[in-house]
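Just so you know, full-length UniProt numbering puts 298 at position 298 of the sequence shown, and the rest follows in order with no gaps.
The beta carbon of each residue, even a glycine, is placed where N, CA and C say it ideally should be.
Heads up, the thing below is written out as structure tokens.
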Amino acid sequence: MRQIQYKLPNVILTEIPERQLRKDTDVKVRIAYAAVCGSDIHDVSGDFDNTFMREKFLAGHNIGHEASGYVVELGKNATSKGLKVGDKVALYYNCYCGKCHFCNIGKQHLCENIDVTLGFMSDYVVVDEQQVYKLPEDMDMKKAALTEPVSICLHGVDMCRIKPGDTVAVSGGGGIGNLTMQLARLSGGTRVTLFEPIAWKREAALKAGADYVLDPLAPDFHEKAMKITDGYGFDVIFECSGAKSTIASCYDLMSRGGVLELMALFKPEITLDAIGQFSAMQKEATIIAGVFQSPYTMQRAVSLLDRLETESLTSFVFEPDDYQKAFQAQKEGRSLKSMFHFSD
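Laid out in structure tokens, this is it:
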């Protein structure tokens, strides 16, 4: 079968043996669409300076963790979700032990023994049934490939506990920023503003429902952003760009008692030094970091897909043979989300 793999500093398309069931709770899935995540770009660029990421994500050269597909085979004990052959499903890359302290208190995404399954950019994958989420029969499979990134954004929005009427800003208009902006609106956020230097990404955000879009490189950016909030600053700001300068600017634009969530994957040299401890105390700032999701947000993400504007995230579709073009388009910022079409 075909599989796209990373081989630093590039990706390759190769042939490997077709995956087979290993456990009685396994599910074999034929991939329909697989999407490129920003973390995949980091993988290929070799940006991660993190033991966990290298051991869990990069081992075996597998890549890809956002996908939709069809059930083709079930282990004899894969019965807890009522799956059957032919079902449309979305996939989740984490498998939890169900026994550790964090699993026992309902925080499975922080599992101490988490098992990561990558390699979704392939014709077939085999995962545990807990990693499979059934989709409605009429679900568009391109849209369904966004379930995992929607789930991540949903978890981020949950962590900030947006209240109806809170003013919200999102820094970065890529795929994660665009989806986070939409979910913040659905959660009751107001004056929802996206900061993005690339004009077409600002237009995509407006199409998806942003109340305001601003160019953070404009000389009057700070003045315009503060004016939107009547000079008080934003109650909640999501940093989704990973740019070096944005942590300080987002912090400056956050209201007293506000929340700043760091959702991007920053390069190792980027730190929080720009935020002084005393300043944070004066502001009563809450600073959150989070990039994962939970099994609870995955199922909710499935339910929310049809309420999101996803055309701009599903318009760059490539066949696997064009893997280099797909990765390059996303790396260069020409697409919010590149996708591979593996089967119908």
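- Task: Starting from Ala90, trace the alpha helix (DSSP H) both ways and give me its first and last residue.
- Result: Looking at the DSSP string, Ala90 is not in any alpha helix (DSSP H); the run it does join, the beta strand (DSSP E), is 88 to 91.
- Item | Given Tyr251 as reference, the closest of Ile237, Trp200, Ala243 once Cα atoms are compared | Ile237
- Can you tell which of Ile12, Asn113, Lys207, Ala169 has the C-alpha that lies nearest to the C-alpha of Gly119? Ile12
- In its own chain, which residues sit with a C-beta less than 7 Å from the C-beta of Ser294, not counting the 5 before and 5 after it? Gln108, His109, His155
- Please name the residue or residues paired with Phe318 in a DSSP beta bridge. Phe340
- Task: Classify Asn77 as buried or exposed, calling it buried when 16 or more other Cβ atoms lie within 10 Å of its own Cβ.
- Result: exposed
- Closer than 7 Å by C-beta to Pro164: which residues in its own chain qualify, once you throw out the five before and the five after it? Chain order, please. Gly188
- Item | Exposure of Leu220, with buried meaning 16 or more beta-carbon neighbours within 10 Å | Before going on, a small fix: residue 220 reads as Asp here, not Leu. Result: exposed.
- Query: Using the rule of at least 16 other Cβ atoms within 10 Å of the residue's Cβ for burial, across every protein chain shown, is Phe292 buried or exposed?
  - Reply: Exposed, because fewer than 16 other Cβ atoms sit within 10 Å of the Cβ of Phe292.
- Within 10 angstroms of the Cβ of Tyr232, are there 16 or more other Cβ atoms? Answer buried if so, exposed if not. exposed
- Classification of Met181 by the beta-carbon crowding that lies within 10 angstroms, buried from 16 upward: buried
- Task: Buried or exposed for Ile114, please, with buried defined as at least 16 other CB atoms from any protein chain shown within 10 angstroms of its CB.
- Result: buried
- Are the beta-carbon atoms of Lys81 and Tyr70 separated by less than 8 Å? no
- Item | Arg2 - partner residues in DSSP beta bridges | Glu15
- Message: Can you give me the C-alpha to C-alpha distance between Tyr133 and Tyr92, rounded to a whole angstrom?
- Response: The alpha-carbon of Tyr133 is positioned some 8 Å away from that of Tyr92.
- Residue environment, Arg19, which counts as buried when at least 16 other CB atoms sit within 10 Å: buried
- Query: Span of the beta strand (DSSP E) holding Ala34?
  - Reply: 26 to 35
- Task: Compare the beta carbon distance of Arg170 and Ile162 with 8 Å and say whether it is the shorter of the two.
- Result: Going by the sequence as given, residue 170 is Val instead of Arg. In this structure, Ile162 does not lie closer than 8 Å to Val170 by Cβ.
- Below 8 Å CB to CB, which residues in the same chain sit around Leu217 once its five sequence neighbours on both sides are set aside? Pro197
- Message: Taking 8 Å as the threshold (C-beta atoms), are Glu66 and Ala32 in contact?
- Response: no
- Grab the span of the beta strand (DSSP E) containing Ser171 for me, first residue to last. 167 to 171
- Item | Collapsed DSSP secondary structure at Glu148 in the structure displayed | The answer is helix: DSSP assigns Glu148 an H, G or I state.
- Would you check if the stretch 197 to 216 and the stretch 253 to 267 touch, i.e. whether three or more CB-CB distances between them fall below 8 Å? no
- Would you mind stating whether Ile228 and Leu260 have Cβ atoms separated by less than 8 Å? no
- Measure the alpha-carbon distance for Thr190 versus Met254 and round it to whole angstroms. 15 Å
- Item | Assigned secondary structure, Ala243 (DSSP; H/G/I helix, E/B strand, else coil) | coil
- Between Leu272 and Leu146, is the Cβ-Cβ spacing less than 8 Å? no
- Output yes or no for whether 8 Å exceeds the beta carbon distance between Asp123 and Phe342. yes
- Below 8 Å between beta carbons: does that hold for Ala144 and Asn178? no
- Query: If we ignore side chains and look at the alpha-carbon of each, how far apart do Gly258 and Ser279 end up?
  - Reply: Those two C-alpha atoms are separated by around 13 Å.
- Message: Which residue marks the beginning of the alpha helix (DSSP H) containing Ser303, and which one marks its end?
- Response: 295 to 304
- Message: Measuring only the C-alpha atoms, how far is Lys23 from Gln324?
- Response: Their backbone Cα atoms lie some 34 Å apart in a straight line.
- Taking the alpha-carbon positions, what's the Ala243 to Arg307 distance? For the pair Ala243 and Arg307, the Cα-to-Cα distance works out to about 29 Å.
- Query: How many Å lie between Val116 and Met1 at the Cα?
  - Reply: 21 Å
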